[in-house]
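In my numbering, the protein residues as written are 23 to 246. First the structure, in the form of C-alpha cells, and then the observations on it.
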C-alpha cells in the first residue's frame with residue numbers, strides 16, 4: 023500500500039546497555055518527499071522502555087520529511103525554519119489520554135531533548151505531508167522509468183545498489199554527479215537526487231539509468 027509507513031525494530035545485542043554502552047544510533051530513516059513511496063520505511067531499536075517508544079515516533083517523523091528540532095543535536099544539522107530556537111514546542115499542548123496540559127517548555131519530539139511533545143510547527147508539517155500523500159492516490163500514475171540507486175558514504179563516494187523503477191522524479195535534493203569509468207577517470211556527469219540519512223553522514227542518490235554500465239559503477243559528488 024503506497025500510503026503505508028513501515029517501522030522495523032531490531033535488537034543487535036541481548037540488552038540495550040550492551041549495545042549502547044559507548045554510544046549508538048537508536049534509529050535511522052531517510053528524508054523522502056511526499057511522492058517518494060519507497061522512502062516510507064524506518065528502523066530502530068526494539069528494547070522495552072521509553073527510549074524505544076520515543077525513537078519510533080522520532081524516526082517516523084523523519085519518514086514524513088521532518089528535520090531535527092534544534093536541541094541536543096551535538097553538532098548535527100537542524101531544520102533552519104524551526105520557529106523556536108531552543109527546540110521546545112513553543113505552545114501549550116494537551117494529552118487527551120491523561121487529561122493533562124503540556125507546557126511550552128517541552129521539547130519537540132524531533133529534537134534529542136526530553137521530555138517530549140509536539141510543537142504546532144511539527145504538527146502542521148506532518149499534517150501537510152499526510153494531505154500530500156493522500157493526493158498521490160488520486161493522481162494519475164506516471165510512466166515507470168528505471169533509476170540507479172546508490173549508497174553514499176561520509177566522503178561523498180557513491181556505490182551502486184540496484185536499479186529501481188519509479189513513476190515520478192525523486193523528491194530529493196538535486197546534486198551534480200560525476201561519472202567515473204572502471205579506471206576512476208571522469209567519463210561524464212549527470213543530475214542525481216540526494217536523500218540524506220536522518221542520523222548518519224551520507225544517504226542515497228537516485229540517478230536516471232541512461233549510462234553504460236561500465237561508466238556507472240562508482241559515482242562521486244560533494245553533498246556538503
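We treat Cβ as the ideally placed atom computed from N, Cα and C, and that holds for glycine.
Secondary structure of residue i, DSSP reduced to three states
i           : result
residue 91  : coil
residue 235 : Its pLDDT being 45, under 50, residue 235 is placed unreliably in this model, and the value from its coordinates should be taken loosely. Residue state, collapsed to three classes: helix.
residue 108 : coil
residue 152 : helix
residue 117 : strand
residue 212 : strand
Residues sharing a beta bridge with residue i, DSSP
i           : result
residue 182 : 172
residue 226 : 173, 217
residue 167 : 188
residue 129 : 110, 138
residue 196 : 215
Within 8 Å, strictly: CB atoms of residue i and residue j
i           : j           : result
residue 99  : residue 90  : yes
residue 84  : residue 131 : no
residue 77  : residue 48  : yes
residue 56  : residue 151 : yes
residue 214 : residue 197 : yes
residue 109 : residue 135 : yes
residue 133 : residue 94  : yes
residue 167 : residue 88  : no
6 Å CB neighbourhood of residue i in its chain, flanking five on each side removed
i           : result
residue 164 : 189, 190
residue 139 : 111, 115, 124, 128
residue 175 : 224
residue 180 : 172, 174, 227, 241
residue 26  : none
Same chain only: Cβ atoms within 8 Å of residue i, ignoring 5 sequence neighbours per side
i           : result
residue 30  : 63, 64, 65, 66
residue 169 : 185, 186, 187, 188, 192, 228, 229, 230, 231
residue 58  : 192, 193, 194, 217
residue 37  : 69
Residues near residue i by beta carbon distance below 7 Å, same chain, minus five either side
i           : result
residue 35  : 41
residue 106 : 112, 141
**Asked** What are the uninterrupted segments assigned as beta strand (DSSP E) that are 3 or more residues long and contained completely in the segment 27 to 103, given in chain order?
**Response** 28 to 32, 63 to 67
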